[in-house]
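Asker:
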Amino acid sequence: MEHLRAGWKLEHWPRFGSDGLPHADLPPVEGLSLFETIEQSGLPDDETYVVWRGSNTFAILNVFPYTSGHLMVLPLRATPSMIDLADDVYDELWRSVRAATVAVKAAFNPQGINVGVNEGEAGGGSVPDHLHVHVVPRWNADTNFMTTVGDARVLPVTLVDTWRRLRDHWPT
């Protein structure tokens, strides 16, 4: 039987991503942002869904994605604003966004890509203390009624399969 999940609609659905499968659900660590906690956890990447690490930035799946292949690129150290980034971090961040776009296109063959930054809580940032850039694959038919009317998203690929595809297609 097929299951349709809408895990992001619940206040807390600990240890499960939007695909209904377990993911690393780590307790907050004093002095670290959510993303720093995940990246520094020491857990295997296939549990934390860290896709890639650079010297100053890393890429991680969104565990409650808009579409399959939705990932985020962010600095290793929490920085709330684009203007607070050192030049080398800024440069690596945008090179990494380009690499993420290459990986998403190769892994999922989307008809388009959304790249976006929601800076600050008023700007739509769900984790406003740690700037992150969303890379979201899009298809012509993915703007349907499911999310707005059905309170559900259609995600045909599990998070771990998405992670594998993106790792396999990440440019070296």
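Take the sequence shown: its letter number 161 is residue 168 in the working numbering, and every next letter is one higher. Ideal placement from N, C-alpha and C gives every residue a C-beta, glycine not left out. Please read all numbers here as calculations on a predicted model, not as lab measurements.
Is it buried or exposed for A114, if we count other Cβ within 10 angstroms and need 16 for buried?
Answerer: Numbered from 1 along the sequence shown, position 107 holds the residue referred to as residue 114. Buried, since its Cβ has 16 or more Cβ neighbours within 10 Å.
Asker: Of all the options G38, E46, P51, D175, which has the alpha carbon lying nearest to the alpha carbon of K112?
Answerer: Counting from 1 along the sequence shown, the entry for residue 112 is found at position 105. If we check each option's Cα against that of K112, D175 comes out closest.
Asker: Helix, strand or coil for W59? Go by DSSP, reduced to three states.
Answerer: Counting from one through the sequence shown, the residue named residue 59 turns up at place 52. Reduced to three states, the DSSP call for W59 is strand.
Asker: Could you give the distance in angstroms between the alpha-carbon of Y97 and the alpha-carbon of A148?
Answerer: Here residue 97 is taken as the residue at index 90 of the sequence shown, counted from 1. Here residue 148 is taken as the residue at index 141 of the sequence shown, counted from 1. Y97 and A148: Cα-Cα distance of roughly 34 angstroms.
Asker: At which residues does the beta strand (DSSP E) containing T64 begin and terminate?
Answerer: Here residue 64 is taken as the residue at index 57 of the sequence shown, counted from 1. Per DSSP, T64 belongs to the beta strand (DSSP E) from 64-68.
Asker: Roughly how many angstroms separate the alpha carbons of S62 and V142, rounded to a whole number?
Answerer: One-based indexing of the sequence shown puts residue 62 at position 55. One-based indexing of the sequence shown puts residue 142 at position 135. Going by the C-alpha atoms only, they are around 20 angstroms apart.
Asker: Which two residues bound the contiguous beta strand (DSSP E) that contains R105?
Answerer: Position 98 of the sequence shown, counting from 1, holds the residue named residue 105. From DSSP, R105 is part of no beta strand (DSSP E) but of the alpha helix (DSSP H) over 94-115.
Asker: Is there contact between the region 126-136 and the region 87-101, where contact requires at least three CB pairs shorter than 8 angstroms?
Answerer: Verdict: yes, contact present.
Asker: Taking 7 angstroms as the limit between beta carbons, can you name the residues of its chain near D53, skipping five residues before and five after?
Answerer: Start at 1 with the first residue of the sequence shown, and residue 53 comes out as number 46. The residues are V167, W170.
Asker: Buried or exposed, going by whether 16 or more other CB atoms sit within 10 Å of the CB of A106?
Answerer: Within the sequence shown, the letter at position 99 stands for residue 106. A106 should be labelled buried.
Asker: Where does V167 sit, in a helix, a strand or coil, going by DSSP?
Answerer: As a first step, residue 167 is located in the sequence shown; it is residue number 160 there, counting from the start. Helix, per DSSP.
Asker: Please identify the residue among P163, D32, V80 whose C-alpha is closest to the C-alpha of N125.
Answerer: Counted from its first residue, the sequence shown places residue 125 at position 118. Among P163, D32, V80, the Cα nearest to that of N125 is on V80.
Asker: Compute the distance between the beta-carbons of V58 and I45, then report whether it is under 8 angstroms.
Answerer: Residue mapping note: residue 58 aligns to position 51 of the sequence shown, counting from 1. Residue mapping note: residue 45 aligns to position 38 of the sequence shown, counting from 1. No.
Asker: Which same chain residues, not among the five before or five after L83, have their C-beta less than 7 angstroms away from its C-beta?
Answerer: As a position in the sequence shown, residue 83 is number 76, starting the count at 1. These residues qualify, in order along the chain: E46, N63, T64, F65.
Asker: Using the Cα positions of P34 and T55, report the straight-line distance between them to the nearest angstrom.
Answerer: Counting from one through the sequence shown, the residue named residue 34 turns up at place 27. Counting from one through the sequence shown, the residue named residue 55 turns up at place 48. Taking the straight line from one Cα to the other gives about 13 angstroms.
Asker: Answer yes or no: do N121 and R145 have a C-beta to C-beta separation smaller than 8 angstroms?
Answerer: Mapped onto the sequence shown, residue 121 falls at position 114. Mapped onto the sequence shown, residue 145 falls at position 138. Contact flag set, yes.
Asker: If distances are taken between C-alpha atoms only, which option among N116, V140, A110 comes closest to G123?
Answerer: For the purposes of this step, residue 123 is taken as residue 116 along the sequence shown, with counting starting at 1. Ranking the options by Cα distance to G123, first place goes to V140.
Asker: Quick check on L33: does DSSP put it in helix, strand or coil?
Answerer: For the purposes of this step, residue 33 is taken as the residue at position 26 of the sequence shown. DSSP places L33 in coil when its eight states are reduced to three.
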